[in-house]
Amino acid sequence: MDASRYSTIRVFDPGNNEEGYKVCHQQKAQEFFQQTLLGLHPKQRLSAQWERDIQDLLLSWFRAEPSTVEPTSQTLAGLCLRCYVSFSILKACKTIASQFCLDYRLTYRELLSYVLNDDGKTPIIIDSDGKTQLVLNQQGEIEPGLGQFFTIDVLASYRLNSSARLSLDNWAYRKTKQHPDIKRCLAEKGLPLSSNWSLLGRVKLRHLEQLYPRDRKLVEIFHTVYSQDRQQQRRNRVNHKVNHRVNQCLEPRDDQLQDMLHLLPERGVIINSTKELHKELTRIAKGLQEEEIWSRRGSPIWEPLEARDPETGEYVPKELPDLNSINTIDHLGQSELQDFLEQGLIEVLDHAIGQALVEHIASLEQSRRYACFASKVIPGFRFFYCQGKSLKEIATLLNMTNHSQASRVLAPGKLLNRVQYLSVENFFQLISTTTKGLALEKNATKLDYLSNVMQEVEAFLNTQVFQEAVAELSTSKSRSMTSLYAQRMCQYLDE
0 MDASRYSTIR VFDPGNNEEG YKVCHQQKAQ EFFQQTLLGL HPKQRLSAQW
50 ERDIQDLLLS WFRAEPSTVE PTSQTLAGLC LRCYVSFSIL KACKTIASQF
100 CLDYRLTYRE LLSYVLNDDG KTPIIIDSDG KTQLVLNQQG EIEPGLGQFF
150 TIDVLASYRL NSSARLSLDN WAYRKTKQHP DIKRCLAEKG LPLSSNWSLL
200 GRVKLRHLEQ LYPRDRKLVE IFHTVYSQDR QQQRRNRVNH KVNHRVNQCL
250 EPRDDQLQDM LHLLPERGVI INSTKELHKE LTRIAKGLQE EEIWSRRGSP
300 IWEPLEARDP ETGEYVPKEL PDLNSINTID HLGQSELQDF LEQGLIEVLD
350 HAIGQALVEH IASLEQSRRY ACFASKVIPG FRFFYCQGKS LKEIATLLNM
400 TNHSQASRVL APGKLLNRVQ YLSVENFFQL ISTTTKGLAL EKNATKLDYL
450 SNVMQEVEAF LNTQVFQEAV AELSTSKSRS MTSLYAQRMC QYLDE
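Numbering-wise (numbering that gives the first Met the number 0), the sequence shown opens with residue 0 and increments by one.
See the structure below:
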């Protein structure tokens, strides 16, 4: 790593649509760094040990008691470290986003505003409590800070003398990944927050009672073997100060799976191999994972209407099942279902749009950051769908900061996916209450049959409504909104 990392800071820049941030050179930081390290050239390469020694020195000044170090030197040492850490935070956001971009359409730019909030200008020192951020004003006086820079949080919490000390880069990555707003953003996207084995290890009684009897027995056996082993590992760690990875819920070893296999027959469950057992436990954990996400999001997970092409990187509509290919529904039942869907489409879609908008506005009203914009949702969508305005134009019309803020407030893609989910759910509830007298009724309690009905409902809605609606959102050149979804949205907004 070259020394320039200590004199260039990455700052969130919402106006930079391509990168989402800007790189700012800090002349004072460079001069202080060179003076402190006896003229070290900015481009000089640093060995790992040398870099660690430099960081220890800068941290010892930055985190010293205010009375022991001259305040200006303290703030400049901190600025050098803030520059260094800003790069680590940016890299962490890119790493986190790269893990989910293919399946969840997440970009690192969506994460930057939460953690890359250092302005690179304000002289900051840390109070004697080791946490509170104070400002050194132009008169050389120390006064309370107006906010919390995440770079300072990373530096203040970094443990220099720990036996399990991480590098500053790795510590910044961990803190970024654990940031509450990052975790909330991931949860809203429907992203996994815990490992399969962590979820199985801490499943609560109320969740256990909701499982099928066979699955419940599998989880109980998992607890018997896996949790006991982890408790023993903790005892070993306390006694011998080893195995620092015990806090991580690692994948069960083959010998643990073998122990589980031997115990299962006592519970009346027969599984023939550790591979099959692993697959079963993963399936159960996935269900628990979805429930955890539901509880955070307030809604079940929906399947996105688009998928990313791994070769081109472009998002394309998912291939939908052919309605005529679903041959497990008897011909008469399929015909009646098709008629039923066509007759109820507008009613169900209108209801879903209204329900989704009410939920969206309520969600904004509960947000500290966006509560003031809740009243602008209806006029915003009227501009968007009925008048064909761009988000940039809407931001100006509604006195928002920029198009990014308008995008976060309106979130048209998120609303569209919510309407899709509610439409499927409402149709299924409608079918469940009106199957009496239809050919569907005789099969209404068969899980496989109901699954096929749901598949046909989703395929019908996607073909009739949501494929075209997604295409409209993806088209940047034309703002003409003519899809059935846009028409019904405008109808609702004009009522």
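We put the CB at the ideal spot given by N, CA and C, even for glycine.
These numbers come from a predicted model, not from an experiment.
Taking a C-beta distance under 8 Å as the contact criterion, Ala28 and Leu78 qualify as a contact pair.
Gly200 has its alpha-carbon roughly 6 Å from the corresponding atom of His222.
Arg487 places its beta carbon less than 8 Å from that of Ile345.
It is roughly 7 Å from the alpha-carbon of Ile377 to the alpha-carbon of Leu492.
With contacts defined by Cβ atoms closer than 8 Å, Leu111 and Tyr172 do not form a contacting pair. Boundaries for Pro13: no alpha helix (DSSP H) harbours it, and the DSSP string shows neither H nor E there.
Counting the other Cβ atoms within 10 Å of the Cβ of Thr175 gives 16 or more, which makes it buried. Secondary structure of Leu135 (DSSP, three-state): strand.
Proximity of the region 120-129 to the region 46-53 falls short of the contact definition, fewer than three beta-carbon pairs being nearer than 8 Å. In the assembly as shown, Asn398 is an exposed residue. Its beta-carbon has fewer than 16 other beta-carbons within 10 Å. In this model, Arg367 and Ala373 are separated by some 11 Å (Cα to Cα).
Taking a cut-off of 8 Å for Cβ pairs, the region 211-218 and the region 132-141 do not touch, as fewer than three such pairs fall below it. The beta-carbon distance between Ile8 and Gly129, rounded to whole angstroms, is 23 Å. This is too long to meet the 8 Å contact definition. Put simply, the backbone Cα of Tyr420 is about 8 Å away from that of Ala351. About 6 Å separates the beta carbon of Leu409 from that of Phe380, a gap short enough to meet the 8 Å contact definition. In this structure, Leu472 and Gly412 form a Cβ contact; the two beta carbons are roughly 6 Å apart against a cut-off of 8 Å.
Scanning its chain for C-beta atoms nearer than 6 Å, with the 5 sequence neighbours on each side dropped, one finds around Leu390 the residues His402, Ala405 and Ser406, in chain order.
Looking at Gln33, Asn16, Asn15 and Asp12, the one whose alpha-carbon comes closest to that of Ser6 is Gln33. Checking the DSSP bridge columns, you'll see Val22 partnered with Arg9. Here DSSP, grouped into helix, strand and coil, assigns Ile95 to helix. For Ser422, the closest alpha carbon among the candidates Asp117, Lys388, Phe459 and Thr395 is that of Phe459.
Look at Pro251 here: in three-state DSSP terms it is coil, with no helix or strand label. Annotation for Asp258: Val224 place their beta carbon closer than 8 Å to its own, counting only its chain and skipping 5 residues before and after. Proximity to Phe61 across Ala76, Ala47 and Thr67 peaks at Ala76, based on C-alpha coordinates. Cβ neighbours of Ala370 within its own chain (closer than 7 Å, five residues either side excluded): Leu363 and Glu364. For Val357, the closest C-alpha among the options Glu341, Gly343, Lys375 and Leu340 is that of Lys375. Membership of Pro212 in any beta strand (DSSP E) is not indicated; the residue belongs instead to the alpha helix (DSSP H) covering Pro212 to Phe221. Boundaries of the alpha helix (DSSP H) around Ile151: Phe149 to Ser156.
The continuous alpha helix (DSSP H) containing Pro378 extends over residues Val376 to Phe380. Taking C-alpha positions only, Leu154 is separated from Met480 by approximately 49 Å. In the structure shown, Ile141 adopts extended strand secondary structure according to DSSP, grouped into three states.
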